[in-house]
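Visitor:
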Amino acid sequence: MSHSHNADANHEASNAAAMAEIKKVTILLSVLTVIELILGFWMIGISSAALRLAIKGVIVILMMAKAFYIVAYFMHLKHEVKNMIMTIIVPLSLFIWFIAAFLWDGSSFRNLRNTYNPYFKEQAGIKVEKKEAEHGAATHGAAKHEAVKHEAGATEAKETPAEKH
Amino acid sequence: MSTTTTASPNEAKLWGGGKSPFNLEYGKVMMWYFLMSDAFTFGAFLISYGTVRFSTNGWPDSNEVFRSFPFAPEGVHAPLVFVSIMTFILIVSSVTMVLAVHAGHNMDKKGVVRNMILTIIGGIAFLSCQAWEWNHLFHEGAWWGSNPFLNADGTASSTNFTNFFFTITGFHGFHVFSGVVINIIMLIMTLMDKFEQRGHYLMIEKAGLYWHFVDLVWVFVFTIFYLL
């Protein structure tokens with residue numbers, strides 16, 4: 001819309017700038033996705049809960065960055081009038097409360113149940129026999145299962161006499 | 166741009182009619198507000214998933230659940246591979262949509278048609294991938310109310326995981342589907358010279374906003390279900 005009001009040279013310049021911006025954002029989104037995937041693959045072999053949490057934090061930050069680039073440049077919001085940006089961004093800030101309150105609520109509910117509900121607590125310690133043949137587990141080796149067990153080890157060390165030792 | 170010069174001294178005049186305070190066409194503003202409400206719908210779904218996951222002691226390992234690939238032998242272990250292809254399909258179709266909007270700015274009908282066709286192909290490819298994945302999971306015994314997967318620590322899992330997975334990816338897939346339908350309508354209207362007659366391609370921009378929103382939601386769904 002705003003292209004039509006000026007001379008041809010101006011039009012050409014803004015045209016080139018827009019194309020350069022599209023190119024830049026495309027590359028940025030691809031790079032961010034690849035980094036996310038690398039982190040995801042790396043996380044498969046990691047059993048330390050703290051490190052996993054840290055990687056998940058990084059992935060969430062990358063996710064927010066991708067969301068920003070899509071909304072700001074592909075959806076063009078960054079180039080709109082400031083009042084328009086505010087009518088979108090201000091209501092969406094409700095999400096800060098929304099996410100914090102409900103995740104907090106969920107984790108509090110788990111703590112309460114683990115404290116006061118013996119059945120709930122007990123269920124988290126009972127392992128189900130894995131049907132190895134059905135899932136073709138042989139092809140992806142024992143290393144993976146080892147890692148999974150180690151991760152679980154913290155919560156139920158007493159129940160699992162590790163086969164290896 | 167021009168609004169900055171008139172903003173503060175003539176505040177009353179700015180909103181007094183005769184000009185567009187947001188410097189945006191009515192339909193585009195309304196599309197933004199619709200997308201904002203849709204963001205809250207998806208947000209509510211994803212936050213309820215988070216709440217339930219936070220309130221549960223064990224949860225299935227996504228790398229165990231989403232580990233297969235079309236035409237791969239049974240029992241193959243390829244976590245994240247298939248979903249990364251789906252993600253890139255959606256990113257690429259988002260880029261072609263931007264290019265279609267850009268061509269519309271320049272009244273370049275050929276460019277609009279070409280990029281709309283590419284966007285539609287991308288959308289259909291994404292839907293096909295999702296159909297394959299749903300079908301595969303269904304044949305493994307996963308569906309609403311049925312969860313064949315164990316928690317990552319080997320304990321029994323509830324059906325919460327599959328319920329949320331099928332509800333949220335289903336709702337997103339439905340958005341992709343309606344996006345493809347909207348894009349096909351826009352393509353037909355372009356081919357019928359509707360926008361040439363109107364003198365602008367604003368409808369392409371509105372369809373573009375919707376399509377980018379679908380991509381935006383997938384950024385969240387992909388991260389939350391497959392990576393976290």
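Residue numbers (the numbering used here), protein chains in the order written: chain A, 1 to 165; chain B, 166 to 393. Glycine included, each C-beta is placed from N, C-alpha and C at the ideal position.
Please compile the residues from chain E whose C-beta is within a distance smaller than 8 Å of the C-beta of M86(A).
Guide: As a matter of chain content, chain E is missing from the structure shown, whose protein chains are A and B.
Visitor: Among the candidates S233(B), S343(B), M272(B), whose CA atom is the shortest distance from the CA of H11(A)?
Guide: M272(B)
Visitor: Return the chain-ordered list of same chain residues with a C-beta closer than 8 Å to the C-beta of C294(B), the five sequence neighbours on each side being excluded.
Guide: Correct list, in chain order: F247, I250, M251, I254.
Visitor: Go to H79(A), then tell me how far its alpha helix (DSSP H) extends in each direction, as first and last residue.
Guide: Segment: none, H79(A) is in no alpha helix (DSSP H) and carries neither H nor E.
Visitor: Determine whether the Cβ of G182(B) lies closer than 9 Å to any Cβ atom of chain A.
Guide: no
Visitor: Can the beta-carbon of I256(B) be found closer than 9 Å to that of L29(A)?
Guide: yes
Visitor: Run down chain B in chain order and give the residues with a C-beta less than 7 Å from the C-beta of K66(A).
Guide: Simply V384.
Visitor: So which of S185(B), G181(B), V379(B), K184(B) has the shortest CA-CA distance to T284(B)?
Guide: V379(B)
Visitor: Give the secondary structure of W104(A) by DSSP, where H, G and I count as helix, E and B as strand, and everything else as coil.
Guide: helix
Visitor: Since L315(B) and P244(B) should fall inside the 8 Å C-beta cutoff, what is the C-beta to C-beta distance between them, to a whole number of angstroms?
Guide: At roughly 16 Å, the Cβ-Cβ gap does not stay under 8 Å, so L315(B) and P244(B) are not in contact.
Visitor: Could you give the DSSP three-state label for T388(B): helix, strand or coil?
Guide: T388(B) falls in the helix class under three-state DSSP.
Visitor: Listing by chain order, which chain B residues have their CB less than 8 Å from the CB of L53(A)?
Guide: Against chain B, a Cβ distance below 8 Å from L53(A) picks out nothing, because the smallest value is about 10 Å.
Visitor: Compare the C-beta of K78(A) against all C-beta atoms of chain B and say whether one is closer than 9 Å.
Guide: Output row for K78(A): interface = no.
Visitor: Expressed to the nearest angstrom, what Euclidean distance is found between the alpha-carbon atoms of S258(B) and L374(B)?
Guide: 13 Å
Visitor: Which two residues bound the contiguous alpha helix (DSSP H) that contains V71(A)?
Guide: That residue, V71(A), is in no alpha helix (DSSP H); it is neither H nor E in DSSP.
Visitor: Expressed to the nearest angstrom, what Euclidean distance is found between the alpha-carbon atoms of I61(A) and L381(B)?
Guide: 15 Å
Visitor: Against G223(B), what residues of chain A qualify as contacts under a CB-to-CB distance less than 7 Å, listed in chain order?
Guide: A124
Visitor: Pull up the CB-CB distance for W309(B) and T327(B), whole angstroms please, since I reckon it's below 8 Å.
Guide: 7 Å
Visitor: Considering K184(B), what are the terminal residues of the alpha helix (DSSP H) in which it resides?
Guide: Neither: K184(B) is in no alpha helix (DSSP H) and is coded neither H nor E.
Visitor: Can you tell me the Cα-Cα spacing of K144(A) and I59(A), whole angstroms?
Guide: In this prediction, K144(A) scores a pLDDT of 41, lower than 50, which makes its location untrustworthy; no coordinate-derived value is stated.
Visitor: For chain B, check one thing: does any of its Cβ atoms lie closer than 9 Å to the Cβ of V31(A)?
Guide: no
Visitor: Got a sec, what are the start and stop residues for the alpha helix (DSSP H) F331(B) sits in?
Guide: 325–356
Visitor: What residue does the alpha helix (DSSP H) around E21(A) start on, and which one ends it?
Guide: 8–44
Visitor: Between I126(A) and N222(B), what straight-line distance do the alpha-carbon atoms span, to the nearest angstrom?
Guide: When rounded, the distance between both Cα atoms is 12 Å.
Visitor: In angstroms with no decimal places, state the Cα-to-Cα distance between P118(A) and F330(B).
Guide: 29 Å
Visitor: Residue range of the alpha helix (DSSP H) that T221(B) falls in?
Guide: No alpha helix (DSSP H) contains T221(B), which DSSP labels as neither H nor E.
Visitor: Measure from the C-beta of N15(A) to each C-beta in chain B and report whether the shortest distance is under 9 Å.
Guide: Closer than 9 Å to some Cβ of chain B, the Cβ of N15(A) qualifies, so yes.
Visitor: Give me the Cβ distance between E36(A) and L392(B), rounded to the nearest whole Å; I'm assuming they're in contact under 8 Å.
Guide: 6 Å
Visitor: Flag this pair as yes or no: are the beta carbons of R218(B) and G40(A) separated by less than 9 Å?
Guide: no
Visitor: For a test of the three-state rule: what should DSSP assign to W376(B), helix, strand or coil?
Guide: helix
Visitor: Given a threshold of 16 other Cβ atoms within 10 Å of its Cβ, counted over all protein chains shown, does A13(A) qualify as buried or as exposed?
Guide: exposed
Visitor: Check the Cβ-Cβ distances between I35(A) and every residue of chain B, and say whether any is below 9 Å.
Guide: no
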